[in-house]
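These protein sequences, in sequence, are chains A and B.
In terms of the numbering used here, the first sequence is residues 1279 to 1606.
In terms of the numbering used here, the second sequence is residues 1223 to 1989.
A virtual CB, placed ideally from N, CA and C, is assigned to each residue, including glycine.
Please read these numbers as outputs of a predicted model, since none were measured by experiment.
Below is one structure, written out as structure tokens; the observations come after it.
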Amino acid sequence: MRRFDYARAEDVADAVRYGTRRDALYLGGGTNLVDLMRETVAQPAALVDVTRLASTIEGTETGGLRIGAAARNSLVAEHPAVRQRYPALARAILAGASAQIRNMATVGGNLLQRTRCAYFYDVEGSRCNRRSPGQGCDAIEGLNRGHAVLGTSSSCIATHPSDMCVALAALDAVVHLAHEDGERSLPLTALHRVPGDRPDIETVLRPGELVTGVELPRLPLAARSTYRKVRDRASYAFALVSVAAAVEVEAGIVQDVRLALGGVGTTPWRARHAEETLRGQAVGEPAFRRAAQAELAAAVPRAHNGFKVELAVRTVIGVLNELTREEA
Amino acid sequence: MSLEQAPLPLGPSSWAIDAGPDPLAARQGLIGAPLARRDGPAKVTGEARYASEVRLDGMLYGALAFSTIPRGRIVAMDTSSAERAAGVALVMTHHNAPRLHSTVELGTAERAAAADELPVMQDDRIRWNGQPIAIVLAESQEQADHAASLIDATYQPEPAITRFDQARADARPPALYQGDPLRQTIGDPWTALAESPHTVDAVYTTPRHHHNAIEPHAVTLAWDGDELTVHDCPQAVTHLAWSLAQVFGIRQDQVHISAPYVGGGFGGKMLWQHQILAAAAARLSGRPVRVVLSREGVYRVVGGRTSTEQRVAIGAEDDGTFTSLVHTGVVATSRHNNVPEPFIKPARCLYATRNATFEVKRADLDMLANTFMRAPGEAVGTFALESAVDELADRMGVDPIELRLCNEPAVDPSSGKPFSARHLIEAYRAGAERFGWEARSPRPRARRDGEWLIGLGCATATYPYNRFPGGAARITINRNGDATVEVAAHEMGMGTGTVQSQVAAERLGLPVEKIIFVLGDSSLPGVVLAGGSQQTAAIGGAITAAHRELVGELLKLINCDSPLAGLHPDEVGTIPGGLGRLDDPSRSESYTAILAAAGVDTISAEATAPEGMEQLEWSMHSYGAQFCEVRVSVITGEIRVSRFLGSFDCGRIINARTAASQLRGGIVMGLGLALMEETQVDGRSGRIMNPSLADYHVPAHADVPDIEVMWTDIPDPHTPLGAHGVGEIGITGTAAAVANAVYNAIGVRVRDPPITPDKLLRHSPGR
Ligand SMILES: Cc1cc2nc3c(=O)[nH]c(=O)nc-3n(C[C@H](O)[C@H](O)[C@H](O)COP(=O)(O)OP(=O)(O)OC[C@H]3O[C@@H](n4cnc5c(N)ncnc54)[C@H](O)[C@@H]3O)c2cc1C
Ligand code: SF4
């Protein structure tokens, strides 16, 4: 049997002390990591259980909300402050996985969950650069209906699977990190890396760096934010495309907008081109379409995922129509 | 049964042409009653013990390693780290596996249960991607799994055919399939088609599917000398015993299969390599073994439904009458078995035509043997056929129900035989009314609720009535008036034990509480496959025969002063708790009195059901009308089924509750076929890439609306109890009803399920 050590951290200092050991991994709800260990994709020498760390959800001095990394996904989704002030986040979480998995999954684990690319999981039978650098990528010429069209490279086209992260990306979330060398904070959009020629390096985290929490800034337009996920079945399926959005409109003109896409990118995809294109434009389908197309212009479709470009454009338009219709 | 009823005559002694209807078919009382499953409490409390829960002393746990290439040879196998791993007792490969006799392919012998006749770990050849190359036995499952992951094989790959389009060019007619060449031409279909004023001619494709029973395949077994005891979850206990005996060169009675509960089968729970490997490894290690396939293991070792490419062409007169019906195509099969998905079966019985041609060809791939899966042939065949009928109706501007009903045949169009019972028109009329079919607009995109287009569709369901040879039963009555009924049948969750207890109770005139129904064991009478929806009729026929035998035995026991003395079985009938004279019910005796008077504790009789001659005389099928309402997003192409109704004609319903859940379950699986199920195979390697329930989508709760089912309840005069099995018909027609509803909603015809959003997007304007 593959042996590994297990330690339960009682506080952050404890966690990072264990966490800097070689080949140690933090363990949240284990809904992803334990599967990866079973499939031998992940072979940690030690697990540091961080589910005892802060799981509180509380307001910040600047009017935002701070969520402890150990908070279970379901608790975040049902928290009144989240539902009222950041509904896109609650909806995104509820659109993901199943109730059982959401009850186990933590915020930290959700941020760092790994791709669902089937070749990545198939250790014995498939080649994968993300899992085994330099081996090749069986998805690029293979079954890639679920794969990304944005942020891809010639080494990897795997989609970042999280729903929650898409909402966080749209809502300007900040990730708080701790390390033996000290603490730091990063915008969520700076946490994940596009694969480039090192798909195995998935985030900017240093070895042993711990996610301690996520902070949502005060963002009044987020109170009317939403999340729409398009999938092959009504529940328990990863996104073909998803959209998190918030818009502020005044006199028919887009004053401010937040837009992020899921299912299409190798990272949770903040749609900045689309946002720039939209700001100052008259609301309406033509502007929404131009914005969505601006974002998808860089898409590199493969044999089976080309539909995602059109689907993303349509879903963005649909979501923006819905938000601005309500606005009217 | 109630007291006022006249004695119930015995069931017929044959089901041939001159046999009368089964008197039980017209009986009220327990027949049709919605009894709750008798094994329900044991299942929900966990008391019911499945094969993977049986613990044997000294048992080892097995794990399989699978090939990663589709074809070639194993040139080297490094098992050293696996052998050294903690807890490992045995690593078995083709190098050290005991020599085994060949398996016998299903359908080639009465009790054959194997999917193919390939050697099982006897040589270095790889024949499909995922073939077991080693089995590891260890003291715990985790140790076995880990050690299996350490096995390292080196292959010499050989060119393989792993894509349908490679194999298609060499498609050829299959060998006889259940005695049928799967090929027939009536009249001159091509000329008739060319001359028809209205035609449709389209190609439909369906992908591979997997059964995904909730209980993965599991076996716990032990040798005692040359005796093998097997706790398994098969759909055919007797077949499995015989088949394992062949492989190990022992007698059938030396193999004992115990399977009181089966956690779903759908056609996939027969003999596959894992049982043989478990038994071989147990022999080699000298210890009992349990092998439970992982979900991935199920995909690698157990074949599913194969893919099909079907052409349907129909020609029609102005009045809708079909002049020609063409249903032909190619199915993917493995090189080494013969289950050419017989998708032409529905077309052969559904519509009156003077000209028709039906043909199935096989295209051979290097793949795992495909097999039977719920309504093999009919599930995917009705998708193509019933989509095409809808397309024709749309082109002709006629109502698709009326188009179907004006082509109702008077006799079976392909065999010329009369139908034993066919009430499809009644099923359509009743279903259409209940569903509100008149609200359907003939024009697509006519109904809308916000971004959601609403469409209605319907399709015909059909599945044959089967009763295979070998049904047998033993009935034993004791002095307390309790009856034990024993049949080598299967409880896979459909309610067999409950339903057949009702039948036995009514047949014997006993309350259902007095019936003990024993099944799921190869030592019991009969060769009863839980497949082809035939168990209900097979057991029904067997109980009828055993009951007749039992009554004969009871009459022999009777003394000369009994009111029943000297009577022949056909002169008596069942009354509550005993027998009475048909011509004078007041002259009767209870079972307990007969036994007491004779001074015996029990009386027992066993009999085999007469051959299924009824199937030679009549064309025997169940039918149904499936109705679906869908909502389709104009923005995303997402499809949600909002309502479904199935109106069935499948003989007398014996238990309204279990039948409804069988029919509903079939429809749920049909929704999967329509909208999401697909075994994804990487065409380069022939490797299945979605061997998990996260990636192979089956309908989740949110995908399944309220499903209403109803039935004609008209007995078939030529079957035991007037009943037909109901396990498979529900899946048939469902996918076409969905596809037809999708077309009605959004005006896009999808001929290649699963109907996913991307396929609608291609053709839909998005607003
Ligand atoms: C069948 C199935 C369906 C799913 N469907 C969806 C879906 O539709 N949408 C969706 O978004 N998700 C889906 N998921 C994924 C699910 O959201 C993730 O598994 C879950 O969020 C992971 O959280 P966890 O706490 O269990 O993480 P774990 O499995 O414990 O860990 C995941 C990773 O995060 C690391 N980690 C955990 N906590 C920390 C920390 N505090 N600091 C640093 N690193 C940390 C671990 O080392 C590991 O690498 C699905 C999962 C399954 C199994
Ligand atoms: S897409 Fe990325 S994760 Fe998938 S096989 Fe290629 S390299 Fe691996």
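Taking CB atoms only, Ala1576(A) has no neighbour in chain B less than 8 Å away. Taking C-beta separations shorter than 6 Å and ignoring five residues to either side along the sequence, the partners of Val1890(B) in its chain run Pro1921 and Val1926, following chain order. At a cut-off of 8 Å between beta-carbon atoms, Gly1420(A) makes contact with chain B. As DSSP reads the structure, Thr1384(A) sits in a beta bridge with Arg1350(A). A Cβ of chain A is located within less than 8 Å of the beta carbon of Thr1290(B).
Beta bridge pairing from DSSP links Asp1374(B) with Asp1300(B). With respect to the C-alpha of Met1315(A), the residue from Arg1271(B), Gly1489(B), Phe1849(B) and Asp1367(B) having the closest C-alpha is Asp1367(B).
Neighbours of Gln1365(B) in chain A, taken as residues whose beta carbon is under 9 Å from its own, are Met1279 in chain order. Burial of His1470(A) is indicated by the presence of at least 16 other C-beta atoms within 10 angstroms of its C-beta. Taking a C-beta cut-off of 7 Å against chain B, the contacting residues of the segment 1493 to 1523 of chain A are Val1508, Asp1510, Arg1511, Ala1512, Ser1513, Tyr1514, Ala1515 and Leu1518, listed in chain order.
DSSP places Glu1811(B) within a strand segment (E or B) once states are collapsed to three.
The criterion of a C-beta distance shorter than 8 Å is satisfied by Thr1376(B) and Val1297(B). Interface flag for Asp1454(B) against chain A is unset, since no Cβ pair is found closer than 8 Å. With the criterion set as a beta carbon lying under 9 Å from some beta carbon of chain B, the members of the segment 1385 to 1412 of chain A are Arg1394, Ala1396, Tyr1397, Tyr1399, Asp1400, Val1401, Glu1402, Gly1403 and Ser1404, in sequence order. Taking a contact to require three or more Cβ pairs closer than 8 Å, the segment 1848 to 1856 of chain B and the segment 1912 to 1919 of chain B do not qualify as touching.
Sequence-distant partners of Arg1533(B) (beyond 5 residues in either direction) whose C-beta falls short of 7 Å from its own C-beta, in its chain, are Val1425, Val1548, Thr1550 and Gly1551. Taking the Cβ of Tyr1397(A) as the reference point, at least one heavy atom of ligand 2 falls within a distance shorter than 7 Å. In chain order, Asp1980 and Leu1983 make up the part of chain B whose C-beta sits under 7 Å from the C-beta of Phe1585(A). Here Met1618(B) carries a helix assignment [DSSP, helix/strand/coil].
Among the residues of chain B, those whose CB is under 7 Å from the CB of Glu1588(A) are Leu1983, following chain order.
By the neighbour-count criterion, in which a residue is buried when 16 or more other Cβ atoms sit within 10 angstroms of its Cβ, Ser1529(B) is buried. The shortest C-alpha to C-alpha distance from Asp1387(B) to any of Phe1657(B), Arg1509(B), Pro1510(B) and Ala1585(B) is the one to Ala1585(B).
Nearest Cα to Gly1859(B) within the set Glu1573(A), Ala1577(A) and Asp1510(A): Asp1510(A). For Val1553(B), the enclosing beta strand (DSSP E) stretches over residues Phe1544 to Ser1556. Met1898(B) carries a coil assignment under DSSP once its states are collapsed to helix, strand and coil. With respect to the 8 Å criterion, Ala1632(B) and Leu1625(B) are not classified as neighbours on the basis of their beta carbons.
Straight through space, the alpha carbons of Leu1776(B) and His1439(B) are spaced by roughly 43 Å.
A Cβ-Cβ contact shorter than 8 Å links Cys1680(B) with Asn1962(B).
Between Leu1421(A) and Asp1448(B), the beta carbon gap of about 47 Å keeps them out of contact (Cβ cut-off 8 Å). Under a criterion of Cβ atoms nearer than 8 Å, the residues of chain A adjacent to Ile1857(B) are, in order, Arg1592, Thr1593, Ile1595 and Gly1596. In terms of beta-carbon proximity, Thr1309(A) stays away from the interface with chain B, with every pair separated by 8 Å or more. Short note on His1582(A): C-beta not closer than 7 Å to any heavy atom of ligand 2.
With a threshold of 16 other beta carbon atoms within 10 Å, Gln1848(B) meets it and is buried.
In the three-state scheme derived from DSSP, where H, G and I count as helix and E and B as strand, Leu1230(B) is classed as strand.
Taken in chain order, the complete alpha helix (DSSP H) segments of 4 residues or longer contained in the segment 1457 to 1493 of chain B are 1459 to 1470. Among the residues of chain B, those whose CB is under 8 Å from the CB of Thr1318(A) are Ser1371, following chain order.
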